[in-house]
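Here the structure is laid out as structure tokens; the discussion comes afterwards.
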Amino acid sequence: MLEHTYAQALQAIIPKAVEDHLLDMSHIREFISYVEHYPEYSSHLIQTLRRSCDALFLPEKEYDMYIKKDYKEGVSVGASFAERDFFTIDLMLQLTHSTRMSSIQSVLRAITAVEADIDSSPIIERFFDITNKRQNSFFQGYIGEQNKKLKHQSMRDPLTSLYNRRYFYPYVKEELIRAQKEAFPVTLILVDFNNFKEINDRRGHQEGDRVLKKFAGCLSNIHEDFDGAFRFGGDEFVLVLSGYRENDAEKIAQALNETIKQVEEGASISYGLIQLPTEAFIEDLNLDLYLNLADERMYEHKTIRKKIKTPE
């Protein structure tokens, strides 16, 4: 009966705890904007606190199960906050601190208001335990997702979302290690737009960027789940084709050239191919040497194209 009285008192103060939290955060513009975009924030917080209060009276085994489940949920919620980009890490600290302190203060007031000749410290200890673990799990999810985003940004070109040059070297080495184990070829295609400066000069840099993004979109159609496209800078791209020898890779390069000509008037590409040695010791492989060889072949391709276009 006394447990029921405590439970009723705690459930009754939850809306006020959330109200205090919202008031405490009301001076922060980013938080107000977040609540406007996600009006279910308050109801979700109320539901979480209700479950926390119910857990205060669970048997030990069930309480441990609740803590594990709540921790996983906290990680998930923290990750979702990171995905939404409303808060800096400092504001996230302020948010979780405000939530925890508002709920703890309300719980202490509610427990104190219940007139009973029993020790309420186990209930208080559990609530501190729940809110502490929830806060820690929230930050684990938030920071974990932020780290993923930072890693993604460090690997990707901001204009095209393709991989960047920095990630090219570890990517190729991983592919070559896999190629040695599974016995398949790896071929690089170095790609460069023809007369891209003219596109920029004639149409403007925004149009030039649009052409590059359109070309990047074409690369996803090379084959299903293809992820070996890199933007090296400007209008230069490198494709890593695992499972393709030079002859087959050249067919892909030719098809790409026809595709970009069809989707963008006046655009075309030149390319150079080089098949990498998969039998060599990977750590000793000089990838820049092979990139230079592909570059030389690409300029041979450009020269041949110009001669065909302007015969003597």
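To get this note's numbering, take the position in the sequence shown, counting from 1, and add 443. C-beta atoms are modelled at their ideal positions from N, C-alpha and C, and glycine is treated no differently.
Looking at the backbone, the Cα of Ile547 and that of Lys591 are separated by about 32 Å. Taking all protein chains shown into account, Val681 has 16 or more neighbouring C-beta atoms within 10 Å of its C-beta and is therefore buried. Sequence-distant partners of Leu633 (beyond 5 residues in either direction) whose C-beta falls short of 6 Å from its own C-beta, in its chain, are Val681, Gly715, Ala737, Asp738, Met741.
Within its own chain, the residues whose Cβ lies closer than 6 Å to the Cβ of Tyr687, once the five positions on either side in sequence are excluded, are Thr630, listed in chain order. The alpha-carbon separation between Lys624 and Ile717 amounts to approximately 21 Å.
A Cβ-Cβ distance of about 13 Å is found for the pair Ile665 and Ile703, leaving them out of contact under the 8 Å criterion. By DSSP's assignment, Tyr606 forms a beta bridge with Arg599, Phe673. When C-beta atoms of the region 493-507 are compared with those of the region 532-541, fewer than three pairs fall below 8 Å, so the two segments do not count as touching. In summary, Asn700 is buried, with 16 or more beta-carbon neighbours lying within 10 Å of its beta-carbon over all protein chains present.
Annotation for Glu641: no residue places its beta carbon closer than 6 Å to its own, counting only its chain and skipping 5 residues before and after. Measuring C-alpha to C-alpha distances from Val654 to each of Glu708, Val683, Lys511, Leu465 identifies Glu708 as the nearest. Listed in chain order, the non-local C-beta contacts of Ser580 below 6 Å within the same chain comprise Tyr514, Gly517, Val518, local neighbours out to five positions each way being set aside. Ranked by how close their Cα comes to the Cα of Tyr733, the residues Ala455, Ala460, Tyr612, Pro482 have Tyr612 in first place.
When the five nearest sequence neighbours on each side are left out, the beta carbons in the same chain lying within less than 8 Å of the beta carbon of Arg493 are those of Gln454, Ile457, in order along the chain. Going by beta carbons, Ile573 and Ser485 fall outside the 8 Å limit.
Contact annotation: the region 455-475 touches the region 523-536, with at least three C-beta pairs closer than 8 Å. Spanning the alpha carbons of Arg577 and Val520 requires a straight line of approximately 10 Å. Cβ neighbours of Ser711 within its own chain (closer than 7 Å, five residues either side excluded): Asn637, Asn700, Ile703, Lys704. Note that the C-beta distance between Phe673 and Leu619 is not below 8 Å.
Under a 10 Å Cβ-count criterion, Phe724 is classified as exposed, with fewer than 16 other Cβ atoms of the shown protein chains found around its own Cβ. Thr746 is bridged by DSSP to nothing; it lacks a bridge partner. A distance of 8 Å or more separates the beta carbons of His464 and Ser597. Secondary structure note for Leu662: its alpha helix (DSSP H) is the uninterrupted segment 648-662. DSSP places Thr448 within a helical segment (H, G or I) once states are collapsed to three. Membership of Tyr506 in the alpha helix (DSSP H) is indicated by the continuous run 503-527.
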